[in-house]
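First the structure, in the form of structure tokens, and then the observations on it.
So this is what it looks like as structure tokens:
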């Protein structure tokens, strides 16, 4: 039986300014996703999901509780930005 992976929706306190397809680095998170790069699918100006591939076909099924106000999501094609969650 295949395991269903449900993508996590990340909600920011302020508009995130990301674009679908942006490569971001996750840091300051206590899990296996810390220090890794993922691709963004924008849902709206305060919500997005993370994917392991640039085609956005492999969702990151991270626990939403792991991405907290202390997390840092840095767009790799921009200067360092930390978002408020």
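Residue numbers (the working numbering): 2 to 86. A virtual CB, placed ideally from N, CA and C, is assigned to each residue, including glycine.
At the C-beta level, residue 9 and residue 61 come within 8 Å of one another. Per DSSP, the beta-bridge partners of residue 50 are 10 and 42.
For residue 60, there is no enclosing beta strand (DSSP E), since its DSSP letter is neither H nor E. For residue 18, the closest of 54, 31 and 47 by C-alpha to C-alpha distance is 47. Between residue 25 and residue 41, the C-beta spacing is below 8 Å.
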